[in-house]
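Q:
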Amino acid sequence: LNNYWGYNTLGFFAPHPEYATKAARRAGPKAVQDELKGMVRLLHEAGIEVILDVVYNHTAEGPQGGPALCWRGLSELKYYRHHDDGRYLDTTGCGNTVNFTEPRVIQFALDSLRYWVDEFGIDGFRFDLAVALCRDEAHHFTPRHPLLIAIAADTVLSGVKLIAEPWDVGYNGWQTGNFPQGWADWNDRFRDTARDFWLGDQAALADGRRAGTVARLASCLAGSADVFARSGRTAVSSINFVTAHDGFTLADLTAYNRKHNEANGEANRDGHNDNRSYNHGVEGPTEEERILEARALSARNLMATQLLALGVPMITAGDEFGRTQLGNNNAYCQDNEIAWVHWNQDDAAHTMLTATRELLRIRREFLSEQPAGYPAREDTSYLLWFNPHGEPMAQEEWSDPECRTVQLLLGSPDGTLDGLIVVNGHLEDRPVILPTVAALKKLGAGECGNQSFELRFSTDSANGKRRGARLLAGETDTAASNSITVYRAQERA
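Residue numbers (our numbering): 32 to 524.
1. What's the call for H311, buried or exposed, on a 16-neighbour Cβ count within 10 Å?
2. If contacts are defined as beta-carbon pairs under 8 Å, then H457 and T490 qualify, I think. What distance do you get, rounded to the angstrom?
3. Flag this pair as touching only if the stretch 363-371 and the stretch 421-439 have three or more C-beta atom pairs under 8 Å; answer yes or no.
4. Would you tell me roughly how many angstroms separate the C-alpha atoms of S529 and A294, rounded to the nearest one?
5. The alpha helix (DSSP H) with M70 in it runs from where to where?
6. Measuring alpha carbon to alpha carbon, tell me which of M70, S189, A183 and S262 ends up nearest I79.
7. Closest to F352 by CA distance: which of F397, G296, D283 and R395 is it?
8. Name the DSSP beta bridge partners of I137, please?
9. Check whether the Cβ of E324 sits closer than 7 Å to any heavy atom of the ligand MG, and report yes or no.
10. When the Cα of W198 is compared with those of V129, G97, V191 and G208, which residue comes out closest?
11. Please classify E314: is it buried, with 16 or more other beta-carbons within 10 angstroms of its beta-carbon, or exposed?
12. Using the Cα positions of L448 and T347, report the straight-line distance between them to the nearest angstrom.
13. On the DSSP letters alone, give me the boundaries of the alpha helix (DSSP H) that L458 sits inside.
14. Out of W416, C165 and L502, point me to the one whose CA is closest to V26's CA.
15. Decide if W205 is buried, meaning its Cβ has at least 16 other Cβ atoms within 10 Å, or exposed.
16. Determine the DSSP secondary structure at M345, reduced to helix, strand or coil.
17. Assess, as a yes-or-no matter, whether the stretch 186-194 is touched by the stretch 153-173 under the definition of 3 or more beta carbon pairs within less than 8 Å.
18. Is the CB-CB distance between Q365 and Y309 below 8 Å?
19. In angstroms with no decimal places, state the Cα-to-Cα distance between G263 and L333.
20. Looking at the C-beta of A225, does it have a partner C-beta in chain B at a distance below 8 Å?
21. Closest to D142 by C-alpha separation, out of E107, Y202, L120 and A181, would be which residue?
22. Under DSSP, the beta strand (DSSP E) around E485 begins and ends at which residues?
23. Do you know offhand how far R395's Cα is from T274's?
24. Just mark E168 as buried or exposed, buried being the case when its beta carbon has 16 or more other beta carbons within 10 Å.
25. In its own chain, which residues sit with a C-beta less than 7 Å from the C-beta of H47, not counting the 5 before and 5 after it?
26. Does DSSP classify S512 as helix, strand or coil?
27. Going by other Cβ atoms of all chains shown within 10 Å of its Cβ, with 16 needed for buried, is L338 buried or exposed?
28. Okay, do the stretch 88-103 and the stretch 112-123 touch, 3+ Cβ pairs below 8 Å being the bar?
29. Grouping DSSP H, G and I as helix and E and B as strand, with all else coil, what is Q212?
30. Among R487, N34, L503 and L441, whose alpha-carbon lies nearest the alpha-carbon of K496?
31. Between L248 and S329, is the Cβ-Cβ spacing less than 8 Å?
32. Please list the terminal residues of the continuous alpha helix (DSSP H) segment that includes W416.
33. To the nearest whole angstrom, what separates the beta carbons of V454 and I515, a pair I think is in contact under 8 Å?
34. On the CB-based measure, 16 or more other CB atoms within 10 Å of its CB, does T186 come out buried or exposed?
35. In angstroms with no decimal places, state the Cα-to-Cα distance between G97 and N127.
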């Protein structure tokens, strides 16, 4: 097994050579550098920015007493965090934690970050276990950490994208929503809520148990203001994701109840156990059409949730066409068929890809022109919530687990209506009265006298075939079981 991900950092100014072509590796380090610079340049020409994943929280030297490969031999006491008794304080789970209370460590990180921007044209960074970098001398996280202040004041780094993985494995290590202005956070609350609603709750309902309410999902769709408002940031600071490199793929979330990491050689002890997944009745591969259809529907619901929500969606490569790792949720050491992305697509993969493309088109149409503070900082932009009867959601309905159907109306900065999203988290079809004219006027939703809604997308394949169907405000439509339906709001001629 090898270090397929390249996370065990030792040279913070060097590209991971295994990512380079064989020809570049044979030609030497400069060829590897030139190849990476050329790749970034070509991606920029295609309109694609490049975010570099950086791991400053630990080094490859591992636990105390291991080989001295870099700082351990230079000044172990200064470069690594320690308990009072001299033992390493490890908030990374990797054996050591780099000490960012030391000014020279901050200087090193700034030099490294500027190097990637100046020499390679990198557009931003995702900081692995970012909380470990921002703990003070008492080992407590602070959004006023000298590293964060130095980055904000740096003329180069203040202008690039800064993304935190806002946790580590130490005390009080979960800090999503607490990073300062200028940063975006991986929103694990979004991840867990989407998985709970579309997978865990569906499993509970199928077993005859009670499921959760729609309130948490609605908060995620609205940009997770409950998480990010306290730091003074808007929805664009929320990196909305359902999967990442670490954990199950989207397809595997719907096909496995437990991890299958036996190929990693650690008796299946490695990797996360809290996956919030649902196999829909059979563990792993199956040819039962009913289960395959249910899994595909759940995958589309999860994809739709992250692409229709306010914030910045992050899609793991291959999820757009159903990539599987055969249940392995920690494929860091699998440079083989388990972790590779397979571009050959069968009918199921093509269906998922088609749905993803349509959702991206809808996102551009509905959300691309919204201001950064949407909806909280623009009086003419809004989100309006309606119950299945076309009336504004009442407070008691948000806390009712029997109410798992909700309608979200999106308003534009110019005061007109954009689109309507209908979520049905029940196991059966539900009649839904589209927002009535009276309800729209009551909430001040533009000029609504001749409002109509055109069906644009549904995660339910049968309902999706009705694309183009038009209904007036106040008319009744059917929300398919366990689905998301999207309408385009239009003025009737």
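The beta carbon of each residue, even a glycine, is placed where N, CA and C say it ideally should be.
If you're wondering where the values come from, they're calculated on a predicted model, not measured in any experiment.
A: Reading it off the structure:
1. In the sequence shown, residue 311 corresponds to position 280, counting from 1. Burial call: buried.
2. Position 426 of the sequence shown, counting from 1, holds the residue named residue 457. Position 459 of the sequence shown, counting from 1, holds the residue named residue 490. That pair is no contact at about 14 Å.
3. no
4. Within the shown structure, residues of the chain are numbered from 32 to 524, placing residue 529 beyond reach of any answer.
5. Locating residue 70 in the sequence shown gives position 39, where the first residue counts as 1. P60 to E76 is the span of the alpha helix (DSSP H), which, as asked, contains M70.
6. Translated into the one-based positions of the sequence shown, residue 79 becomes position 48. Among M70, S189, A183 and S262, the Cα nearest to that of I79 is on M70.
7. Sequence index remark: in the sequence shown, residue 352 carries index 321 (1-based). If we check each option's Cα against that of F352, D283 comes out closest.
8. The residue given as residue 137 occupies position 106 in the sequence shown. None, per the DSSP bridge assignment.
9. The ligand MG is not part of this structure, which contains no ligands at all.
10. Start at 1 with the first residue of the sequence shown, and residue 198 comes out as number 167. When each option's Cα is compared against that of W198, the closest is G208.
11. If you number the sequence shown from 1, residue 314 lands on position 283. Classification of E314: exposed, given that the 10 Å Cβ count is below 16.
12. Counted from its first residue, the sequence shown places residue 448 at position 417. Counted from its first residue, the sequence shown places residue 347 at position 316. Between L448 and T347, the C-alpha separation is close to 31 Å.
13. Counting from one through the sequence shown, the residue named residue 458 turns up at place 427. Here L458 belongs to no alpha helix (DSSP H), and DSSP marks it neither H nor E.
14. This structure cannot settle anything about residue 26, because the visible part of the chain is limited to 32 through 524.
15. Indexing the sequence shown from 1 puts residue 205 at position 174. W205 comes out exposed.
16. Locating residue 345 in the sequence shown gives position 314, where the first residue counts as 1. If DSSP states are grouped into helix, strand and coil, M345 belongs with the strands.
17. yes
18. In the sequence shown, counting from the first residue as 1, residue 365 sits at position 334. In the sequence shown, counting from the first residue as 1, residue 309 sits at position 278. Going by C-beta atoms, Q365 is not nearer than 8 Å to Y309.
19. By one-based count along the sequence shown, residue 263 stands at place 232. By one-based count along the sequence shown, residue 333 stands at place 302. Rounded to whole angstroms, G263 to L333 spans 28 Å at the Cα level.
20. This model lacks chain B altogether, as it is built from one protein chain only.
21. Mapped onto the sequence shown, residue 142 falls at position 111. For the residues E107, Y202, L120 and A181, the minimum Cα distance to D142 belongs to A181.
22. Within the sequence shown, residue 485 is the residue found at index 454, counting from 1. Its beta strand (DSSP E) spans residues Q482 to S489.
23. To locate residue 395, count along the sequence shown from 1; it is residue 364. To locate residue 274, count along the sequence shown from 1; it is residue 243. C-alpha separation (whole angstroms): 22 Å.
24. Mapped onto the sequence shown, residue 168 falls at position 137. Exposed, since its Cβ has fewer than 16 Cβ neighbours within 10 Å.
25. Your numbering for residue 47 matches position 16 in the sequence shown. Answer for H47: G37, listed in chain order.
26. As a working note, residue 512 is residue 481 in the sequence shown. Looking at S512 - three-state DSSP - the assignment turns out to be coil, as it is neither helix nor strand.
27. By one-based count along the sequence shown, residue 338 stands at place 307. Label assigned to L338: buried.
28. yes
29. Reading the sequence shown from its first residue, position 181 is the one you call residue 212. DSSP places Q212 in coil when its eight states are reduced to three.
30. The residue given as residue 496 occupies position 465 in the sequence shown. Taking only the C-alpha atoms, the option nearest K496 is R487.
31. For the purposes of this step, residue 248 is taken as residue 217 along the sequence shown, with counting starting at 1. For the purposes of this step, residue 329 is taken as residue 298 along the sequence shown, with counting starting at 1. Contact: no.
32. Position 385 of the sequence shown holds residue 416. Run containing W416: none in the alpha helix (DSSP H); it sits in the beta strand (DSSP E), Y413 to F417.
33. Stepping through the sequence shown from its first residue, residue 454 is reached at position 423. Stepping through the sequence shown from its first residue, residue 515 is reached at position 484. About 6 Å; that satisfies the 8 Å criterion.
34. Position 155 of the sequence shown, counting from 1, holds the residue named residue 186. T186 comes out exposed.
35. Taking the first residue of the sequence shown as position 1, residue 97 is located at position 66. Taking the first residue of the sequence shown as position 1, residue 127 is located at position 96. The alpha-carbon atoms of G97 and N127 are separated by roughly 11 Å.
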